[in-house]
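Q: One structure is given below, represented as structure tokens, and several questions about it will come after.
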């Protein structure tokens with residue numbers, strides 16, 4: 001199973017848990033997935049449906065793919081020396097991909113040092129092509145952005161810190 005499919009399944013499982021869904025059935029051109037907290041539910045459904053034709057696995061490439069370079073930590077100067085406990089923490093509402101701008105190449109919603117009002121759009125969280133807008137709950141100044149653009153974030157993970165006005 002490839003890593004993108006595993007990531008998508010993890011996201012779907014997280015959404016099931018957060019939303020209190022009893023089961024999820026997903027069909028695509030090449031795959032059918034039944035997710036359920038009880039294994040029996042998924043097995044009964046799978047047994048009731050005919051098996052999809054299997055594709056023959058493709059032979060591995062002649063040359064191994066280069067392994068991705070490790071992601072470097074941000075420079076110490078990019079991190080605040082101390083995060084003030086009085087700052088408001090903006091947390092991810094759900095699991096997904098964090099985006100600082102509405103589309104590639106567009107200006108970021110906010111920058112460090114920028115003043116924001118209650119309701120100002122701060123970022124987007126995307127999961128399965130569904131975008132959730134994250135907005136400031138109170139007025140203040142953005143003091144630190146904790147997540148990297150296009151990074152997978154967990155529900156409840158700190159995204160930004162805002163010094164309240």
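Residue numbers (full-length UniProt numbering): 1 to 165.
Ideal Cβ placement from N, Cα and C applies to all residues, glycine included.
#1: If we count the other Cβ atoms within 10 Å of its Cβ and call it buried at 16 or more, is residue 7 buried or exposed?
#2: Which two residues bound the contiguous beta strand (DSSP E) that contains residue 142?
#3: Assuming residue 142 contacts residue 117 (C-beta within less than 8 Å), just tell me the rounded distance between them.
#4: Using the DSSP secondary-structure output, state which residues sit across from residue 16 in a beta bridge.
#5: Measure the alpha-carbon distance for residue 119 versus residue 34 and round it to whole angstroms.
#6: Short check: CB of residue 136 to CB of residue 122, under 8 Å?
#7: Comparing alpha-carbon positions, which option in 156, 152, 36 lies nearest residue 90?
#8: Report the rounded CA-to-CA distance for residue 93 versus residue 83, giving the unit in angstroms.
A: Quick look at the numbers:
#1: exposed
#2: 140–145
#3: So it is not a contact: roughly 12 Å between Cβ atoms.
#4: Paired residue(s): none; residue 16 is not in a bridge.
#5: 38 Å
#6: yes
#7: 156
#8: 21 Å
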